[in-house]
Each structure stands twice: as C-alpha cells, then as structure tokens.
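Heads up: the structure comes next, in structure tokens.
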Amino acid sequence: MRDFIPLSSDTETRPTPAMREAIASAEVGDEQRNEDPTVLRLQQRVAELLEKEAALFMPTGTMCNVVGVKTHTKPADAVIADWMCHIIRAESGGAALASGVIIEPIETARGIFTAGQLDAAIDRVRSTPIPYSPIPRLVCVEQTHNFGGGAVWSLEELKAIHDRAREHGLALHMDGARLMNAVVASGTPTREFAACVDSLWIDFTKGLGAPIGAVLAGSHEFITEARRYKHVFGGAFRQAGVAAAGCLYALDHHVKRLADDHDNARRLAEGLSEIKGITLRWPAPESNILFFDVDGLGMDNKTFYARCLEKGVRFSAVGRAVRAVTHLDVSRSDIDAALEAVKIVAEEPRR
Ligand SMILES: *Cc1c(COP(=O)(O)O)cnc(C)c1O
Numbered sequence: 518m519r520d521f522i523p524l525s526s527d528t529e530t531r532p533t534p535a536m537r538e539a540i541a542s543a544e545v546g547d548e549q550r551n552e553d554p555t556v557l558r559l560q561q562r563v564a565e566l567l568e569k570e571a572a573l574f575m576p577t578g579t580m581c582n583v584v585g586v587k588t589h590t591k592p593a594d595a596v597i598a599d600w601m602c603h604i605i606r607a608e609s610g611g612a613a614l615a616s617g618v619i620i621e622p623i624e625t626a627r628g629i630f631t632a633g634q635l636d637a638a639i640d641r642v643r644s645t646p647i648p649y650s651p652i653p654r655l656v657c658v659e660q661t662h663n664f665g666g667g668a669v670w671s672l673e674e675l676k677a678i679h680d681r682a683r684e685h686g687l688a689l690h691m692d693g694a695r696l697m698n699a700v701v702a703s704g705t706p707t708r709e710f711a712a713c714v715d716s717l718w719i720d721f722t723k724g725l726g727a728p729i730g731a732v733l734a735g736s737h738e739f740i741t742e743a744r745r746y747k748h749v750f751g752g753a754f755r756q757a758g759v760a761a762a763g764c765l766y767a768l769d770h771h772v773k774r775l776a777d778d779h780d781n782a783r784r785l786a787e788g789l790s791e792i793k794g795i796t797l798r799w800p801a802p803e804s805n806i807l808f809f810d811v812d813g814l815g816m817d818n819k820t821f822y823a824r825c826l827e828k829g830v831r832f833s834a835v836g837r838a839v840r841a842v843t844h845l846d847v848s849r850s851d852i853d854a855a856l857e858a859v860k861i862v863a864e865e866p867r868r
C-alpha cells in the first residue's frame, strides 16, 4: 500500500510483479570479470538500440555522467553545458571532484541551446590566448531536460550542436536520463538522437521503472576507458544480472507506455491551469515533467507541498516552484484525484 499519489519524481516507481519475476529468475555471473550473462545481454541490447560500438552497465545515471565527463576530459579542461543541467545542479559537484574541469554554463530558458550560443560559450572560454585560457574539450546536452520541465531537444536542434561541436573539435556527451521519453514524445528514432553524440546513457530507474541501473554507450575506445573509471570509482558490480534483468524487462515492456505518462502530464497541466492562483511555468508539457508556481495562492511552494501531502498527493518543491512528474505508478485516475486535492488546498482558508 502506498501513502500518497507519488508525483514528486519518476524515480518513485516500484518494480512490478512481472519485473520482479524477471529479476528473480535472472542468470548471473561476476560482472567485474565481464561474466554476467544478463548484464552482457543488456549491454548488447542497448548498444544496438543506440547504434554505438559498446555499452557499459552502471549503478546510476549520476555515475554515467561522472565517468562520461572523466573519460572525455583532462583536469583543467573546460566543459560547456546549459546552466541548469543535472551535471552542474544535482551531482554534488562530482565533475569538479572527479575530473577537475571547469564548466562554462550557457544561460537558456529550458536547457536547449543553439549553435550560436555554443559559439559564444567557446568564445568566452577562449577569450584569452593559450596558455591563459582553459581548453574547451566537451559539450554536454540533457535529453529531456529535467529542470527545463521535460523539454525535448528536436533532432534539428541536436544536429546543429553536433555539427558545431565537430567544427570546434569538441566531444559531445548526452545525459539521456529520459532519452526514451524524448523518443516517444517526438517520434524520432532513438538511433538518430544517438548518432548526434559521441557518448550517451539511458536511465532505467526513471520512467522505465526498474529499481537499479543505467547504461552508458559510445565507441569501443571510450567504453574501455569508461570501464576503468567505473572500477576506479567503485562502481564495478558482482552478480549484477539481478539488476540488469529489471532493465531488460523495462526495455521490452515499459517504453511504449511512456506515452501514457505524457498524456497524464498534459491532463494534469490542463487541470492545474484552470485553478485560480496556479501558474504553469511553461504551456503544455512536452513529456512527463511540469513545473508550476503557487504564489497566486498566497502561499510558498513548501507550504503548498506540505498541504498537498496532507491530502495524499506528493509533489516536490524545486527552487521556488512545484514540480510534478508522471510515471508508471501514476494512473489517469490518480491525476484526477490529485487535481481534486489541489483544488481543496487552493480553496482552503489560509492557516
Ligand atoms: C535522475 C537524473 C540523473 C541521475 O540519474 P540517477 O540514476 O538518479 O543517478 C542525471 N541526469 C538527469 C537529467 C536526471 O534526471
């Protein structure tokens, strides 16, 4: 039994009974020695999906970013990324600790930037001659963009960044925590997004609903080096097939249904926009995330969060806004129930 409607994050998904069965019956071996058959199968499967030479099973998406940045850069290099990306805002400064890089942020509305903005960022990094300036080495993009309210990079937008990064001799890394949401939302084949970048990863613990795991992909050379850093950072597993089995199950059964999450996010956004005092940050959600402001209700987001939780709905308070994320464990009727609860909170006399 659950205590509330879990709208705070798509990491709140719990493995379904069928996924648990797949996990329970997984064949396993020693992953550190490359002997876990289920992990090998998952890596193969993701490499094929992304049309990359090789793939590597990782404990978390965060470790994919930490290892990805480490593999592409040398200490004191510059990495260019949008200013609200997960690498800057939500990884405890891991890129600084592990890679010793400086990050040149690009100010964007929703995490999507243009080739012109990339040029300007490179110019800032190179505003002094060598040896004064750091060396720009890597560009990072986030698909979909979490703090940009699930904004989807279109293939055209991504291609433009790919082309410009190539011209400047920079590597391109994609934080694809929700790449499959972008694929389902846009109808663009996964491999076409993947072809734009040198390395990328997908997370299995977000909307795909598995309990553990992410997979990083790239060239043979990149993945060989990344495997070493995975070990350095203590991320090499033993019988990880139990986790990989959940991920394989998710690839088979939980990708297409992401469309339901996107429908539910739109339904929630429509309902919220009809409640006086609530303002959506951005119009219709592009995928499964939405942000809204509650200042018009005469309360701050933390008070709103607490009142909704009392009514059985858990959002999250991010910055000054409220975030809602739809996923496998949120049904259409949950959305309607959540909207009823929010209406009551909005109309309640102020305490
Ligand atoms: C969740 C998330 C991560 C980190 O993934 P974990 O598997 O939770 O470590 C990285 N980037 C983005 C955009 C995310 O939403």
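If you read the sequence shown in my numbering, its first letter stands for residue 518, the second for the next number, and so on. Quick reminder that beta carbons are idealized off the backbone N, C-alpha and C, glycines included.
Can you tell me whether residue i is helix, strand or coil according to DSSP?
{"i": "Ser-850", "result": "helix"}
{"i": "Glu-552", "result": "coil"}
{"i": "Pro-866", "result": "coil"}
{"i": "Arg-840", "result": "strand"}
{"i": "Cys-581", "result": "helix"}
{"i": "Met-536", "result": "helix"}
{"i": "Ile-678", "result": "helix"}
{"i": "Ala-593", "result": "coil"}
{"i": "Val-835", "result": "strand"}
{"i": "Arg-654", "result": "strand"}
{"i": "Ile-522", "result": "strand"}
{"i": "Lys-587", "result": "helix"}
{"i": "Ser-616", "result": "helix"}
{"i": "Cys-713", "result": "coil"}
{"i": "Lys-747", "result": "helix"}
{"i": "Glu-673", "result": "helix"}
{"i": "Lys-860", "result": "helix"}
For residue i versus residue j, is the C-beta spacing smaller than 8 Å?
{"i": "Ala-682", "j": "Leu-689", "result": "yes"}
{"i": "Gly-758", "j": "Glu-538", "result": "no"}
{"i": "Lys-723", "j": "Thr-528", "result": "yes"}
{"i": "Val-656", "j": "Ile-678", "result": "yes"}
{"i": "Lys-828", "j": "Ile-861", "result": "yes"}
{"i": "Ala-612", "j": "Val-618", "result": "yes"}
{"i": "Asn-665", "j": "Leu-807", "result": "As written in the sequence, residue 665 is Gly, which differs from the Asn given in the question. Their beta carbons are not under 8 Å apart, which means Gly-665 does not touch Leu-807 by this criterion."}
{"i": "Gly-821", "j": "Val-839", "result": "Checking the sequence shown, residue 821 turns out to be Phe, not Gly. Their beta carbons are under 8 Å apart, which means Phe-821 touches Val-839 by this criterion."}
{"i": "Arg-772", "j": "Val-701", "result": "Checking the sequence shown, residue 772 turns out to be Val, not Arg. Yes, these two residues count as a Cβ contact at 8 Å."}
{"i": "Phe-754", "j": "Glu-608", "result": "no"}
{"i": "Pro-576", "j": "Ile-729", "result": "yes"}
{"i": "Cys-581", "j": "Glu-659", "result": "no"}
{"i": "Ser-736", "j": "Ala-564", "result": "no"}
{"i": "Val-586", "j": "Ser-616", "result": "yes"}
{"i": "Thr-843", "j": "Leu-785", "result": "yes"}
{"i": "Leu-566", "j": "Thr-707", "result": "yes"}
{"i": "Glu-624", "j": "Trp-600", "result": "yes"}
{"i": "Val-669", "j": "Ser-804", "result": "yes"}
Quick one, which of the options has its alpha-carbon nearest residue i's?
{"i": "Pro-802", "options": "Ala-699, Ala-712, Phe-630", "result": "Ala-699"}
{"i": "Val-584", "options": "Val-749, Asp-846, Gly-686", "result": "Val-749"}
{"i": "Ile-629", "options": "Asp-692, Glu-568, Pro-592, Thr-579", "result": "Asp-692"}
{"i": "Gly-747", "options": "Arg-531, Trp-670, Phe-574", "result": "According to the sequence as given, residue 747 is Lys; it is not Gly. Cα-wise, what sits closest to Lys-747 is Phe-574."}
{"i": "His-662", "options": "Gln-634, Ile-647, Arg-695, Asp-680", "result": "Arg-695"}
{"i": "Glu-864", "options": "Leu-814, Glu-624, Met-536", "result": "Leu-814"}
{"i": "Tyr-649", "options": "Val-669, Gln-634, Ala-595, Gly-686", "result": "Ala-595"}
{"i": "Ala-535", "options": "Leu-717, Leu-765, Phe-521, Glu-791", "result": "Leu-765"}
{"i": "Cys-825", "options": "Phe-721, Asn-551, Ala-854", "result": "Ala-854"}
{"i": "Ile-639", "options": "Ile-604, Gly-686, Lys-676", "result": "Gly-686"}
{"i": "Ser-525", "options": "Thr-555, Lys-819, Ala-632", "result": "Lys-819"}
{"i": "Leu-635", "options": "Arg-654, His-770, Ile-647, Thr-645", "result": "Arg-654"}
{"i": "Gly-726", "options": "Glu-738, Ala-762, Ala-711", "result": "Ala-762"}
{"i": "Phe-809", "options": "Arg-831, Ala-823, Arg-837, Ala-776", "result": "Arg-837"}
List the DSSP bridge partners of residue i.
{"i": "Gly-668", "result": "The amino acid occupying residue 668 in the given sequence is Ala; Gly does not appear at that position. Paired residues: His-662."}
{"i": "Asp-692", "result": "Glu-659, Trp-718"}
{"i": "Glu-621", "result": "Ile-597"}
{"i": "Gly-735", "result": "Ala-571"}
Of all the CB atoms in chain D, is at least one closer than 8 Å to the CB of residue i?
{"i": "Pro-646", "result": "Of the protein chains in the structure, only one exists, and it is not chain D."}
Let me check you understand the geometry: is the CB of residue i closer than 7 Å to at least one non-hydrogen atom of ligand 2?
{"i": "Thr-530", "result": "Only ligand 1 can be found as ligands here, which leaves ligand 2 out of the picture."}
Entirely enclosed beta strand (DSSP E) segments - the stretch 777–831, minimum 3 residues: 806–810
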